[in-house]
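Here's the structure we're looking at; comments come further down.
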Amino acid sequence: MEECLSYIKVLIKSEGPIGFDRFMEAALNHPLWGYYSSGRVLIGEEGDFITSPHLGPLFAGVLARFAAKADEALGAPDIFYLIEGGPGEGELAKDLLDNLKSQNPSLYARTRYAADELSPALALRRGEKLVGHREKIIEAAPKGFTGLYLSNELPDAFPVKRFSLEGGEIFELRVSISGDCLALEKTPCDPSLLPPHLSRPKEGERWEVEVNTGLEGWLSRIA
290 MEECLSYIKV LIKSEGPIGF DRFMEAALNH PLWGYYSSGR VLIGEEGDFI TSPHLGPLFA
350 GVLARFAAKA DEALGAPDIF YLIEGGPGEG ELAKDLLDNL KSQNPSLYAR TRYAADELSP
410 ALALRRGEKL VGHREKIIEA APKGFTGLYL SNELPDAFPV KRFSLEGGEI FELRVSISGD
470 CLALEKTPCD PSLLPPHLSR PKEGERWEVE VNTGLEGWLS RIA
């Protein structure tokens with residue numbers, strides 16, 4: 290954590306205040322010190338946060354039924370590719386594949402699973418959890434694959450830019466240094482950087498918003 294903080298401070302000292310999205314990207318995904326990349330992330334009841342798959346297999350069971358419907362709609366292809374964006378430790382993947390193996394062996398036999406994941410540390414944990422399905426795991430799906438891409442809560446962790454509207458003026462909230470600590474600094478902002486419905490504020494309006502800068506690119510890539 291200290292290494293990541295030092296890196297962010299060096300970045301700010303060399304470039305000036307940085308966008309909140311760049312701060313988030315460094316804090317979460319720096320290859321050596323980021324929260325996800327370094328392996329410090331702890332998921333579950335005793336961890337930093339909890340997601341639906343960690344509460345039990347019911348959620349995965351619902352998705353298994355959805356996968357069966359998708360397979361039927363696609364005409365039961367010879368290989369049904371199941372791709373998961375941001376699968377973390379593989380809790381959802383394990384329960385989903387367990388369900389298909391027991392409840393839908395025909396689909397399970399044709400299923401190939403690939404993770405769309407950035408964190409090498411989480412990939413190691415996922416490999417251990419999915420050892421019972423290792424014959425189903427592939428490195429990546431081919432371009433134009435036939436199957437299902439699913440993701441649970443991944444866009445929540447995408448870096449965001451932060452903006453505020455005060456007194457009719459729009460500001461971007463950027464990360465700077467105050468003393469020895471990080472701080473938010475308001476910088477006058479070009480309204481064209483905002484989505485259209487925010488760039489033309491009404492008189493007397495006041496707000497602070499987050500804009501997910503990576504969502505559009507992610508959707509385009511997986512589509």
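Under the working numbering, the residue at position 154 of the sequence shown is numbered 443, and the numbers go up by one with no gaps. Just so it is clear, CB atoms sit at the ideal spot from N, CA and C, and this is done for glycine as well. The model shown is predicted, which means the values in this text are computed figures rather than measured ones.
For residue i, which three-state DSSP category applies?
{"i": "I301", "result": "helix"}
{"i": "E505", "result": "helix"}
{"i": "S440", "result": "strand"}
{"i": "P394", "result": "helix"}
{"i": "G296", "result": "The displayed chain sequence assigns Tyr, not Gly, to residue 296. In this structure, Y296 counts as helix in the three-state DSSP scheme."}
{"i": "R463", "result": "strand"}
{"i": "P409", "result": "helix"}
{"i": "H425", "result": "At residue 425 the sequence reads Lys, which differs from the His that was named. In the structure shown, K425 sits in a helix (DSSP, three-state: H, G or I)."}
{"i": "G308", "result": "strand"}
{"i": "K475", "result": "strand"}
{"i": "V449", "result": "strand"}
{"i": "G374", "result": "strand"}
{"i": "F338", "result": "strand"}
Using CA coordinates, which residue listed in the options is at the minimum distance from residue i?
{"i": "S487", "options": "A398, Y402, E455", "result": "The sequence given here places Leu at residue 487; Ser does not occur at that position. For the residues A398, Y402, E455, the minimum Cα distance to L487 belongs to E455."}
{"i": "I368", "options": "K302, E505, R399", "result": "R399"}
{"i": "E494", "options": "L471, G377, I459, S467", "result": "I459"}
{"i": "E292", "options": "M313, W322, I301, S303", "result": "W322"}
{"i": "L502", "options": "E461, K450, I297, A472", "result": "Checking the displayed sequence, the identity of residue 502 turns out to be Thr instead of Leu. For T502, the nearest C-alpha among the options comes from K450."}
{"i": "K432", "options": "A315, C470, I511, R329", "result": "I511"}
{"i": "W507", "options": "L363, F338, D405, L300", "result": "D405"}
{"i": "L294", "options": "G416, A362, A472", "result": "A472"}
{"i": "V299", "options": "C470, S509, G345", "result": "C470"}
{"i": "S481", "options": "E304, N441, G468, E461", "result": "E461"}
{"i": "F452", "options": "T476, A430, S467", "result": "T476"}
{"i": "K390", "options": "E499, K425, E442", "result": "K425"}
{"i": "R413", "options": "E499, E442, V330", "result": "The identity of residue 413 in the sequence shown is Leu, whereas the question assumes Arg. Per the Cα distances, V330."}
{"i": "R463", "options": "E499, S509, S440", "result": "E499"}
{"i": "P484", "options": "D337, G468, E505", "result": "E505"}
Please list, in chain order, all residues of the same chain as residue i whose beta carbon is under 8 Å from its beta carbon, the five residues on each side excluded.
{"i": "K491", "result": "none"}
{"i": "L347", "result": "none"}
{"i": "E428", "result": "A403"}
{"i": "P366", "result": "D360, R399, T435, G436"}
{"i": "R415", "result": "P376, G377, E378, G379, A382, A404, E406"}
{"i": "A316", "result": "C293, I297, G323, Y324"}
Residue i bridges to which residues according to DSSP?
{"i": "F369", "result": "T400"}
{"i": "W322", "result": "According to DSSP, W322 bridges with nothing at all."}
{"i": "L454", "result": "I459, W496"}
{"i": "I332", "result": "F338"}
Return the chain-ordered list of same chain residues with a C-beta closer than 6 Å to the C-beta of residue i, the five sequence neighbours on each side being excluded.
{"i": "L386", "result": "H422"}
{"i": "G328", "result": "A410"}
{"i": "S408", "result": "Y325, S326"}
{"i": "G364", "result": "none"}
Could you name the residues of the same chain whose beta carbon sits closer than 7 Å to that of residue i, not counting the 5 residues immediately before and after it, in chain order?
{"i": "M290", "result": "none"}
{"i": "S465", "result": "I301, P306, A472, E474"}
{"i": "A357", "result": "N393, L396"}
{"i": "G333", "result": "I339, H343"}
- Message: Below 8 Å, how does it come out for the region 347 to 359 and the region 377 to 395: are there three or more Cβ pairs, yes or no?
- Response: yes
- Three CB pairs or more closer than 8 Å across the region 297 to 309 and the region 392 to 399: no
- Give a yes or no on contact between the region 440 to 449 and the region 416 to 431, applying the rule of three or more CB pairs nearer than 8 Å. no
- Touch test, the region 429 to 441 against the region 363 to 377, Cβ-Cβ under 8 Å, three pairs minimum: yes
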